[in-house]
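As they're listed, the protein sequences go chains D and G.
To convert, note that position 107 of the first sequence is 106 in numbering that gives the first Met the number 0; the numbers rise steadily by one, no gaps.
To convert, note that position 168 of the second sequence is 167 in numbering that gives the first Met the number 0; the numbers rise steadily by one, no gaps.
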Amino acid sequence: MSYWIPFKTILVKEIYRFVRIWPQTLLPPAITTALYFLIFGKLIGSRIGTINGASYMDYIVPGVILMSVISHSYANVVSSFYSTKFQRHIEELLVAPVPNWVILSGYVFGGIMRGLLVGLVVAVIAMIVFRDYHSIAKHCLGNCAHDRNVVFISRFY
Amino acid sequence: MNALSIRNLRKTYANGFEALKGINLDVEAGDFFALLGPNGAGKSTAISIISSLTNQTSGTVSIFGHDLKKQRNQAKTCLGLVPQEVNFNQFDTVMAILLNQAGYYGTPKKLALERAEYYLKHMDLWDKRHTVSRRLSGGMKRRVMIARAMIHAPKLLILDEPTAGVDIEIRRSMWKMMQEVNQQGTTIILTTHYLEEAESLCRNIAIIDQGLIVEHSSMADLLARLHIDHFVLDLQHPLTVAPTIAGCHIDLTDSKTLSVSVPKEIGLNHLFSELTQQNIQVASLKNRTNRLEQLFMDLVEAKTTGGQP
């Protein structure tokens with residue numbers, strides 16, 4: 000028996016789950032990272048200046064993106080599997096001829112997909128916040144602000 | 000070929016409780032089989048082991064010749080389970096529940112869609128296919144679970160109290176549906192506390208009590224063992240004292256109601272002729288208890304007291 004269909008079913012079910020409840024899965028990282036970028040990146044980070052030519056934003060953006068990817072991919076597997084067990088619909092999987100490694104793979108890849116999507120959302124937020132920062136810097140401080148973040152963001156996206 | 004074959008199945012839980020004490024059971028392919036027993040007898044434990052939700056302590060289970068331990072996937076493919084309690088994702092739509100289950104069994108999407116349409120229409124749920132399942136009524140949820148169990152076309156369907164808590168109209172429609180499924184060749188094992196349901200639907204029966212099979216025979220053989228029938232007679236005129244008829248036990252429940260136990264060898268004709276002689280007019284008659292219910296109580300009580308049924 001091919002396990003592609005069971006694997007795909009679990010994966011699609013997982014993606015559908017976190018997309019359906021986007022206010023719980025995608026919105027919170029967007030808000031928390033936006034706040035983080037605004038408070039630490041924009042207000043405090045702008046006062047730090049550059050170190051070896053890299054601004055504070057250059058320094059924190061990749062870390063915050065990866066932190067979101069890792070924590071949310073992990074959280075997705077944990078919360079989804081826990082609710083599956085708590086609501087007892089894990090029995091649907093246990094009764095079916097699906098080996099444990101297929102179930103595990105489906106949930107892990109579901110978590111990876113959520114991590115990647117959250118990473119994308121955080122990256123977009125970073126770009127938006129950065130553009131604000133750039134424009135504020137440009138208008139308030141004139142041409143003195145040569146922001147390395149442009150270089151950083153363009154390198155990654 | 001046996002649809003289900005259980006040999007010396009034992010289950011002892013971690014706390015030392017012995018739920019199954021070595022049961023042996025055979026269910027023939029195509030049968031409509033009743034597995035009865037009081038609460039805590041071991042029915043659900045046996046079903047959990049058959050459906051791989053619990054591991055047995057010892058013994059073997061084979062489904063259509065596939066050993067549950069050695070050929071687990073083949074055995075699981077033959078089996079459909081309708082559990083006692085709702086266990087689907089309450090946030091999924093009815094269609095999603097069915098398609099996901101089909102996917103777990105490796106059913107291609109096109110075939111799964113065809114089957115889902117067939118079963119949902121058959122169970123009067125087609126209009127609810129896009130409804131989130133938590134918004135369904137209790138009866139609808141039960142029917143969703145039956146449709147879900149049928150979506151991969153199992154050869155053996157286990158129904159663990161499928162009609163518990165549903166109204167009589169839905170219960171009757173579910174009986175009709177179960178009979179149709181059975182006529183199409185699916186073997187059905189039914190556990191229920193409605194013994195009328197088991198009596199009218201099932202051909203063979205096993206009664207399990209305190210982890211042991213106390214009866215395993217055909218329904219007809221079992222019912223033939225009843226020696227005494229119990230009736231309630233509504234009288235046209237009130238009485239003050241219960242009449243006396245040799246061989247029958249008669250109680251006056253109230254002034255216009257008699258509770259009568261009639262041995263088979265005496266029969267109803269004799270009872271009525273005696274009552275007529277005593278100038279007692281009977282307005283109507285009904286069975287006091289379901290026949291199987293009486294047998295069930297006799298068997299379980301005999302097991303508890305160590306006597307003969």
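The beta carbon of each residue, even a glycine, is placed where N, CA and C say it ideally should be.
Name the two residues that bound the continuous alpha helix (DSSP H) containing Arg9 (chain G). Looking at the DSSP string, Arg9 (chain G) is not in any alpha helix (DSSP H); the run it does join, the beta strand (DSSP E), is Asn1 to Thr11.
Check whether the segment 89 to 96 of chain G and the segment 114 to 134 of chain G touch, using three or more Cβ-Cβ pairs below 8 Å as the test. yes
To the nearest angstrom, report how far apart Val97 (chain D) and Val259 (chain G) are at their CA atoms. 57 Å
Would Leu10 (chain D) pass as an interface residue toward chain G - the criterion being a Cβ-Cβ separation below 8 Å? no
Rounded C-alpha distance that separates Glu196 (chain G) from Ala74 (chain D): 47 Å
First and last residue of the uninterrupted beta strand (DSSP E) at Gly21 (chain G): Glu17 to Glu27
Going by the CB atoms, is the gap between Thr190 (chain G) and Leu34 (chain G) shorter than 8 Å? The answer is yes: Cβ separation under 8 Å.
Buried or exposed (CB count within 10 angstroms, at least 16 for buried), Gln277 (chain G): exposed
Is Pro161 (chain G) close to chain D? Criterion is C-beta to C-beta, closer than 8 Å. no
DSSP three-state assignment for Ile244 (chain G), whether helix, strand or coil: coil
Per DSSP, Glu334 (chain G) forms a beta bridge with which residues? In this structure chain G extends from 0 to 308, so residue 334 (chain G) is not present and cannot be described.
Distance cutoff 8 Å, beta carbons only. Does Thr76 (chain G) sit that close to anything in chain D? It does: the Cβ of Thr76 (chain G) has a partner Cβ on chain D nearer than 8 Å.
Going by the beta-carbon positions, is the gap between Leu3 (chain G) and Leu155 (chain G) smaller than 8 Å? yes
Buried or exposed: which applies to Ser67 (chain D), given that a residue is buried once 16 or more other Cβ atoms fall within 10 Å of its Cβ? buried
Cutoff 8 Å: Pro262 (chain G) Cβ touching any chain D Cβ: no
For Gly44 (chain D) and Tyr35 (chain D), which I take to be in contact (beta-carbon distance under 8 Å), what is that distance rounded to the nearest angstrom? Actually they do not touch by this definition, with Cβ atoms about 10 Å apart.
Where does Tyr132 (chain D) land, buried or exposed, given buried means 16+ other C-beta within 10 angstroms? Unreliable positioning characterises Tyr132 (chain D) in this predicted model, as indicated by a pLDDT of 48, which lies under 50. A coordinate reading is not provided.
Contact check, Pro82 (chain G) vs Asp159 (chain G), beta carbons under 8 Å: yes
Where Ser134 (chain D) falls: helix, strand or coil (DSSP): Low local confidence applies: a pLDDT of 43 at Ser134 (chain D) is under 50, so the model's placement there is unreliable, with the coordinate-based value given in what follows. If DSSP states are grouped into helix, strand and coil, Ser134 (chain D) belongs with the helices.
Grouping DSSP H, G and I as helix and E and B as strand, with all else coil, what is Asp91 (chain G)? coil
Taking just the CA atoms, how far does Ser1 (chain D) sit from Lys120 (chain G)? 30 Å
Just curious, the beta strand (DSSP E) that Asn286 (chain G) is in, first and last residue? Asn286 (chain G) -> beta strand (DSSP E) spans Val281 to Asn286.
Tyr15 (chain D) in three-state terms, based on DSSP: Helix, per DSSP.
Count the other CB atoms within 10 Å of the CB of Ala95 (chain D); is the residue buried (16 or more) or exposed (fewer)? buried
Indicate the three-state DSSP secondary structure (helix, strand or coil) for Ile20 (chain D) in the structure shown. coil
Determine the contact status of Phe295 (chain G) and Val261 (chain G), defining contact as a CB-CB distance below 8 Å. Not closer than 8 Å, so no.
Neighbourhood of Leu25 (chain D) by C-beta distance below 7 Å, restricted to the same chain and skipping five residues each side: Leu116, Val117 and Val120
Output the boundary residues of the alpha helix (DSSP H) element that contains Ala95 (chain D). It is not in any alpha helix (DSSP H) - Ala95 (chain D) carries neither H nor E in the DSSP assignment.
Expressed to the nearest angstrom, what Euclidean distance is found between the alpha-carbon atoms of Ile64 (chain D) and Thr83 (chain D)? 28 Å
Identify the contact partners of Leu93 (chain D) in chain G, using a Cβ-Cβ distance below 7 Å as the criterion. Within chain G, the residues near Leu93 (chain D) are Ser51 and Leu52.
Taking any Cβ of chain G, which residues in the segment 47 to 63 of chain D have a Cβ under 8 Å from it, in chain order? Taken residue by residue, none of the segment 47 to 63 of chain D has a beta-carbon sitting less than 8 Å from a beta-carbon on chain G.
Below 7 Å between beta carbons is the criterion; list the residues of the segment 8 to 35 of chain D that meet it against any residue of chain G, in chain order. Thr8 and Lys12
Going by DSSP in three states, Ala33 (chain G) sits in which element: helix, strand or coil? strand
When you compare only the Cα positions, how much space is there between Ala28 (chain G) and Met0 (chain G)? Roughly 6 Å separates the two Cα atoms.
Using a beta-carbon distance cut-off of less than 9 Å, what residues from the segment 80 to 103 of chain G approach chain D? Leu80, Pro82, Glu84, Val85, Asn86, Phe87, Asn88, Gln89, Phe90, Asp91, Ala95, Ile96, Leu98, Asn99, Gln100, Ala101, Gly102 and Tyr103
Is the beta carbon of His151 (chain G) sitting closer than 8 Å to the one on Tyr193 (chain G)? no
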